[in-house]
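Scroll down for the structure; my scribbles are underneath it.
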Amino acid sequence: MQLKGIIHRCSLLVLALLVGVSLSGCVTYTLNNMAKAKKGIDKYYLTIEQQRYDDALNFYSPRYFESSSIDTLRAMLDNVKTIAGQHEDHQLVQWRAAFSNKNDSAIQLLYRVTYSHGQTLESLLVSPKGKIHGHEIRFIDEFGNEMKLMEI
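As numbered in our numbering, residues 1329 to 1480 make up the sequence shown, in order.
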């Protein structure tokens, strides 16, 4: 009887260790992807800050352009500049993993971006390589009201 109990406890311990190792690998993979995605978006915002909007288009993935044209995106970036002003700063507020499998992973990043005329909340769906699959920009006016400027 005691031997069965010991074997059962050992089996549970081995199972717990295997699950722990598996989850830690998942967490490490996700954290690495988040760091890579953030690095790509930091470069994107530097490009926006330098008002190199045509260069900023290169950060958007072919997947993004399945639902929008380059001309439409360029016009939206101009619209953001007109309403929000010049980019001054950006701060990562929140992130989460959004993937269906290891080969099709993405990270959703939420930024609070300060422009010369106010702030925006920007949600970006980003590949680990820093390519933008989706982008939503909401302008927050001085009264705290939100206005959607861009969503694709």
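Idealized CB from N, CA, C, for every residue including glycine. Everything numeric in this text was worked out from a predicted model, so none of it was measured.
DSSP, reduced to helix, strand and coil, places D1370 within a helical segment of the structure shown. Under the three-state reduction of DSSP, F1393 is assigned to helix. When the alpha-carbon of H1415 is set against those of T1358, K1367, Y1443, the nearest one is in Y1443. In the structure shown, E1464 adopts extended strand secondary structure according to DSSP, grouped into three states. The distance from the Cβ of A1412 to that of G1458 is about 22 Å, inconsistent with a contact at the 8 Å cut-off. With contacts defined as CB atoms closer than 8 Å, L1453 and I1465 fail to qualify as a contacting pair.
By the CB criterion at 8 Å, I1435 and A1365 fall inside the cutoff. Taking C-beta atoms as the reference points, H1463 and R1391 fail to come closer than 8 Å. Looking at the backbone, the Cα of A1425 and that of M1404 are separated by about 26 Å. Take the alpha-carbon of S1433 and the one of S1395: they are about 19 Å apart.
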